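Just so you know, the protein sequences line up as chains A and B, in that order.
By the numbering used here, the letter at position 56 of the first sequence is numbered 56, and the numbering carries on one by one without gaps.
In the numbering used here, each number is its position in the second sequence, counted from 1, plus 1000.
No residue lacks a Cβ here, since even glycine has one placed at the ideal position from N, Cα and C.
Bear in mind that the values here come from a model prediction, so they are computed numbers and not experimental data.
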Amino acid sequence: MGDTLITVVAIFLAAILMLVFPLMSLAERTDDISQLAVQTATTEFVDNVRTTGKMTLDDYEALLSDITATGNTFSTEILIQQLDENPGVKTTQAEATKIGENLYYNIYTTQVEEQLYDTGRINLKEGDIVTVTVRNTNQTIAQLLRNFIYVITGNDTYQIVGQHSGVVAVNGSTSQR
Amino acid sequence: MKLQHLAVIFILIILPISMVMASYIQNQIEAIEIQSSYDRSLINATYDAVKAFQLNTTNNMYSSISDSKIRDIEASVNTFYNSLMNSMMNYAQSTTDLRSFTPALLFTLYDGYYIYTSYHNVYSTTGEEGEEKVDINLDENDYENGLKPYVYYSAKYRLPSNGNTIIVNYTLDNAITVYGDFGGSDGYVTKSGYLINPDSVSNINEANHTLTYDGVQIEPEILTDNLSIVVDQETMQTQADDYEYVFYGNDKIYLDHDENGNTLYFEDGTPAIFWYQNYIKTYVNDPDIRNDISTNNMVNNHLVSYSAYNFFVEAQEFSQWVNDNLGDITQANTLKFEDGTTPIGNDTNYLSQNTETAHIFDTSVEGNDPLMSSSVFNNHRLAVIRKSIETNLNTIISRYGSSTLLNYEMPVISEDDWYQIVNNVSMVSFMQGLSIGYRTYNNYAVVTNNINKEVVNANNIYIVADDGSDNREYHQPGCKELLQGVEDGSLTITDYPEVSSAYATASFQRQSIRKSENSANDEYYYLQAKNGKYLTGCYNCIVNNTPNYSIDDIIAGVDLIDFVNSVEDGGDGTISYRSNNSAYMQVRKAYMTALARERYDLYKSNFDLDLEE
């Protein structure tokens, strides 16, 4: 009787050691690689916007295809903060009479996408700020397996994230389209 | 074999593989992280350097003079290394360290470029007698970093007619300098000027200083700047007012007036004119200048500028000469940069833009108006500038001498980046040799300089519109709001005999007055601020930076199609403004006049070399 119990425990342990553990380890590596790919794609996209002064639909679609090539689904958040240097803007945060108290207008993902699909590009100017955050929305295999063993609570848990932001360095030009 | 044994063997095999994999991937991740942190540092440092150059030049009245320019560039180089050092603290010990990783910094300016790199510090000369040869050979490895001599954007051509070699210096816009032995009765000629389509200038009226350029009536202009003048040196109290100005010998001369706006006169009856120096009025004492301004530029008590008119008159004359003398040159006549003697001939891959058999300097034909970015001249100009930079950079980077044993190589620069480099005043920095994991870093960063007094690009003109209640906004010429406003009468733009509405973008930048040691007390003002009220940038085209119409279309004077409706972007090609629309014509006139005037008034160091008899 005791022998049978030990055998069952041994098989169970062996299964975990031989199957789940290597699988988890491999899945984690896959996620690491996805993470790397996503972070690189995000950084490239943002730095490209910063040095050219324009965000184009082509670049945006290249970013989307790059990150989805990892086999996961993602939510992409883009925030563009447009600098308004005009003196005399009436606001609660800035001094209206003073020169140099600048304001930023925020443009969010849906507005960015609408304009990109509409006109194919968004022109930015020196001083604007671009922030892109990419998070996975599906459960990766590593997450699944991990949840099988120990559960992380909350629905905002994500495994793969790429984030980059920066100030635009040049005025985008429209003369060449 | 028992099951347990199998399990143990399995684990023994899998575990090391998994561990090695994990460590390898971790390494790769770190390498990419370091790489992107280097990228970021490089872009940021380059941006800081460009910003330093901008600040130094826009606040410097003499920024275009070459000594001053070298100083500004050296300051910008220092900023670059300081900024890079700050963000690379973890990876480099000192700025000297960093120098061995940055083989070249390229500064492209209006008519040429500087490269900051190492040079071998050897002083070698022959004395007066030719015998007392001084040869100070410093240590072989003693390299110093500094600016290499200025290189002009130039190309050599072999004239198809007689085989003589001539040289053309290009610039970032349509100005060129031609020199060389043309043979025959012409002999050696040096000529500079703006290249336009000579046939588009007509109806030149010398007395009134008017002409017609491609359907646009070019007239004299009255220009104003809003100057903040220190009236009390003790308290540094300032008073701002609008003053009319003209460019005289590369400097702005202003016309003084009393509180009521009445023009003031000197005792000798000439108008009271002054230079704006150190925030005060420095009155002009030279009687020649006074008389010159008084007889030539004063009309009805106003100071009048003829720069736009002069631009077209001189450009037409020059362009006609270029068409006559260089009209048959094609890209096949260009001499190779490597040796300067072999023509390119049928090698269509030598230059990045293949203009085939088109005549580069024949600007009167269809498709070759040098003001248009798609013209043959422009394509060839870009290709030549690129080739010149490419050849020089390649040599300089591969020969970069430093204390390290790195093998320096020029990275491949993307087409997009080349376009930025050859079209703008810009800075390119190269960084390589830093170790990242199993590889070494090799990358570059390009940052263009949009605010400078070096060049007036087609995009660098803003138009001021008045809404009738003393609110003034400035617009890009291709702005929907501007054209709409002018059409329905809610916005007005003015021209002669009123004050002109269009100026270069540099005039809309914030200027500062240093009042004390503490920069927190700096006072700011804008050159374009009518009657003491600041102008605001249009929210459609300036804050959003989204003009609706192409600047090339406005220059060409063709029908305007909103980008949203353009066929390339999937629209139906609906025309928003016909070429004969009066609002469009008004905007185009303001724009063309301003573009011509601002280009004419730019300081050009090698433009007064007209050596012809």
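Exposed or buried, what is residue i when buried is set at 16 or more other beta-carbons lying within 10 Å of its beta-carbon?
i, result
"Arg1439 of chain B", "exposed"
"Gln115 of chain A", "buried"
"Leu1042 of chain B", "buried"
"Pro1016 of chain B", "exposed"
"Pro1220 of chain B", "buried"
"Val168 of chain A", "buried"
"Ser1094 of chain B", "exposed"
"Thr45 of chain A", "Strictly speaking, residue 45 of chain A in this sequence is Phe, with Thr absent from that position. The residue is buried, with at least 16 neighbouring Cβ atoms inside 10 Å."
"Arg1399 of chain B", "exposed"
"Ser1550 of chain B", "buried"
"Leu1098 of chain B", "buried"
"Asp1467 of chain B", "exposed"
"Val9 of chain A", "exposed"
"Leu1535 of chain B", "buried"
Would residue i count as contacting chain B if we go by Cβ distances under 9 Å?
i, result
"Thr119 of chain A", "yes"
"Tyr108 of chain A", "no"
"Asn147 of chain A", "no"
"Asp84 of chain A", "yes"
"Asn178 of chain A", "Residue numbering for chain A in the displayed model covers 1 to 177; residue 178 of chain A lies beyond these limits and cannot be assessed."
"Tyr150 of chain A", "no"
"Tyr179 of chain A", "Here chain A covers residues 1 to 177 and nothing more, so residue 179 of chain A does not appear."
"Gln159 of chain A", "no"
If you run the structure through DSSP and keep just helix, strand and coil, what is residue i?
i, result
"Asn1056 of chain B", "helix"
"Thr119 of chain A", "helix"
"Ser1154 of chain B", "strand"
"Ser1087 of chain B", "helix"
"Ala1594 of chain B", "helix"
"Glu77 of chain A", "strand"
"Ser1041 of chain B", "helix"
"His1359 of chain B", "coil"
"Ile1073 of chain B", "helix"
"Asn1226 of chain B", "strand"
"Thr1295 of chain B", "helix"
"Arg1472 of chain B", "strand"
"Val1313 of chain B", "helix"
"Gly1269 of chain B", "coil"
"Met1431 of chain B", "strand"
"Pro1198 of chain B", "helix"
"Gln1004 of chain B", "helix"
"Glu1612 of chain B", "Caution is warranted here: a pLDDT of 39 is assigned to Glu1612 of chain B, below 50, making its placement in the model unreliable, and no coordinate value can be reported."
Using a Cβ-Cβ distance cut-off of 9 Å, determine whether residue i contacts chain A.
i, result
"Phe1053 of chain B", "no"
"Ile1025 of chain B", "yes"
"Phe1563 of chain B", "yes"
"Ala1022 of chain B", "yes"
"Ser1087 of chain B", "no"
"Ile1032 of chain B", "yes"
"Thr1621 of chain B", "Here chain B covers residues 1001 to 1613 and nothing more, so residue 1621 of chain B does not appear."
"Asn1544 of chain B", "yes"
"Ile1029 of chain B", "yes"
Near-chain B residues of the segment 42-67 of chain A - C-beta to any C-beta below 7 Å: Thr43, Asp47, Arg50, Thr51 and Thr52
Output, in sequence order along the chain, the residues in the segment 1404-1430 of chain B whose CB is closer than 9 Å to any CB in chain A. Per Cβ criterion, the list reads Asp1416, Asp1417, Tyr1419, Gln1420, Asn1423, Asn1424 and Ser1426.
Relative to chain A, which residues along the segment 1001-1014 of chain B have a C-beta separation below 8 Å, given in chain order? Leu1003, Gln1004, Ala1007, Phe1010, Ile1011 and Ile1014
Assess, as a yes-or-no matter, whether the segment 1481-1497 of chain B is touched by the segment 1580-1600 of chain B under the definition of 3 or more beta carbon pairs within less than 8 Å. yes
Of all the residues that make up the segment 1039-1051 of chain B, which are near chain A by a beta-carbon distance shorter than 7 Å? Asp1039, Ile1043 and Tyr1047
Across the segment 1290-1305 of chain B and the segment 1265-1272 of chain B, are there enough close Cβ pairs to call them in contact, namely three or more that are closer than 8 Å? yes
With three or more beta-carbon pairs closer than 8 Å as the criterion, would you say the segment 1392-1412 of chain B touches the segment 1369-1383 of chain B? As far as the Cβ criterion goes, the segment 1392-1412 of chain B does not touch the segment 1369-1383 of chain B, which means the pair count is below three.
Using a Cβ cut-off of 9 Å, which residues of the segment 10-36 of chain A contact any Cβ in chain B, in chain order? When CB distances to chain B are screened at a threshold of 9 Å, the residues of the segment 10-36 of chain A falling below it are Ala10, Ile11, Leu13, Ala14, Leu17, Met18, Phe21, Pro22, Ser25, Leu26, Glu28, Arg29, Asp32, Ile33, Gln35 and Leu36, in chain order.
Hey, is the segment 1227-1243 of chain B in contact with the segment 1208-1219 of chain B, meaning 3+ C-beta pairs nearer than 8 Å? no
Check whether the segment 137-146 of chain A touches the segment 14-25 of chain A, counting contact only when three or more Cβ pairs, one atom from each stretch, lie closer than 8 Å. yes
Chain A contacts from the segment 1531-1542 of chain B (Cβ-Cβ distance under 7 Å): Tyr1534, Thr1536 and Gly1537
Determine which residues of the segment 1240-1259 of chain B have a Cβ less than 9 Å from any Cβ of chain A, and write them out in chain order. The segment 1240-1259 of chain B vs chain A, Cβ under 9 Å: nothing.
If the cut-off is 9 Å on Cβ atoms, which residues from the segment 1561-1586 of chain B count as contacting chain A, listed in chain order? For the segment 1561-1586 of chain B, which is checked against every Cβ of chain A, the residues closer than 9 Å are Phe1563, Val1564, Ser1566, Glu1568, Asp1569 and Gly1570.
Tell me, please, whether the segment 1011-1025 of chain B touches the segment 1034-1051 of chain B by the rule of three or more beta-carbon pairs shorter than 8 Å. no
With 9 Å as the limit, tell me which residues of the segment 1438-1451 of chain B have their beta carbon closer than that to any beta carbon of chain A; keep them in chain order. Ala1445, Val1446, Val1447, Thr1448, Asn1449, Asn1450 and Ile1451
The segment 123-133 of chain A contacting the segment 46-60 of chain A, beta-carbon criterion three pairs below 8 Å: Flag = yes, the segment 123-133 of chain A and the segment 46-60 of chain A touch.
Taking Cβ-Cβ distances below 7 Å as the criterion, which residues of the segment 67-78 of chain A are in contact with chain B? none
If the cut-off is 9 Å on Cβ atoms, which residues from the segment 120-136 of chain A count as contacting chain B, listed in chain order? Those would be Gly120, Arg121, Ile122, Asn123, Leu124, Lys125, Glu126 and Asp128, in chain order.
May I ask you to verify whether the segment 1180-1195 of chain B touches the segment 1306-1326 of chain B, counting CB pairs closer than 8 Å and requiring at least 3? Contact between the segment 1180-1195 of chain B and the segment 1306-1326 of chain B is present: 3 or more CB-CB pairs across the two stretches fall below 8 Å.
Short of 7 Å Cβ to Cβ, which residues in the segment 1512-1531 of chain B face chain A? Tyr1524
Does the pairing of the segment 1224-1232 of chain B with the segment 1244-1255 of chain B give three or more beta-carbon distances under 8 Å? The segment 1224-1232 of chain B and the segment 1244-1255 of chain B touch, with no fewer than 3 CB-CB distances between them shorter than 8 Å.
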